[in-house]
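Numbering-wise (full-length UniProt numbering), the sequence shown opens with residue 1 and increments by one.
Don't be surprised by glycine CBs; every beta carbon is placed ideally from N, CA and C.
Scroll down for the structure; my scribbles are underneath it.
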Amino acid sequence: MENLPLYVSIVFVLTTMLTVFIFYKAAHNSKMVLIILSAWLIPQGIISFTDFYTKTDSIPPRFALLVFPPVLFIILFFTTTKGRKFIDSLDVRILTILHVVRIPVEVVLLWLFLYKVIPQLMTFEGRNFDILSGLTAPVIYYFGYVKKQIGKTALLFWNILCLGLLFNIVINAVLSAPFPFQQFAFDQPNIAVLYFPFVWLPCCVVPLVLFSHLATIRQLLK
């Protein structure tokens, strides 16, 4: 992706760092969280520099190595005693603020579309409405946790709705990538997430957003 301006990568790297930082704050400045996330992000960044993930004709695709470990971790957190204890210790107010990172993510996706490395359907000009989650997050935070004018039912509804928006773009993104099971965007497939630094979107940013919603929903239901 030599034709991609440097500022696009810089903005995304900063967005990833912001996501990690906000989650670190939600975990009460846990150094272990920083260590684990760093130990995951750095090797994935190095591996992606070798074009390892650009080989897409294998089944399962090498891309699975980016997404399965975070999904496995999320499952373990929700199915183990220590994991649930960690989830219940998270600050849901800060987890709500974390979703503002979806705004710069959407801006980056628009740039990636303009430079023809993802399809339009992955942007807010296409089928991706995930930016609404980022735009409404500060409102939900203020009225739900500062003014306390929004009850648990409304907070649950917002989290579930935003979770649906997240699943929508994830499904479209996967089915637009040049994998053997590709269904959409054959003329301009989703190849950006196979390269650095955009591999951090499926292996870190999206899992943290997903985990934040699930953790918040769990706390609200208790």
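Just so you know, the alpha carbons of D88 and Y145 end up roughly 17 Å apart. With a cut-off of 8 Å on Cβ pairs, the segment 187-207 is not in contact with the segment 126-133, counting fewer than three such pairs. In the three-state reduction of the DSSP assignment, G151 falls in the coil class, being assigned neither a helical nor a strand state.
Going by beta carbons, N159 and T123 fall outside the 8 Å limit.
Unbroken beta strand (DSSP E) stretches of 3 residues or longer found wholly inside the segment 23-105: none.
At the C-beta level, P104 and C203 stay beyond 8 Å of one another. Judged by pairs of C-beta atoms under 8 Å, the segment 14-30 touches the segment 91-102, as three or more such pairs exist. Inter-segment contact for the segment 170-179 and the segment 6-18 is absent: fewer than three beta-carbon pairs are separated by less than 8 Å. In summary, L112 is buried, with 16 or more beta-carbon neighbours lying within 10 Å of its beta-carbon over all protein chains present.
Within the same chain, and ignoring the five residues on either side of F49 in sequence, the residues whose Cβ sits closer than 8 Å to its Cβ are F196.
Note that the C-beta distance between L110 and L155 is not below 8 Å. For F86 against F78, the beta-carbon gap comes to about 10 Å, at or over 8 Å, which does not count as contact. Sorting T56, I22, S30 and A39 by C-alpha distance to the C-alpha of F181 places T56 at the top.
The segment 130-182 contains, as complete alpha helix (DSSP H) runs of 4+ residues, the segments 131-141 and 152-176 (chain order). Approximately 10 Å separates the beta-carbon atoms of L65 and V199; this is outside 8 Å, ruling out the contact. Annotation: Q188 to F21 spans about 33 Å, alpha carbon to alpha carbon.
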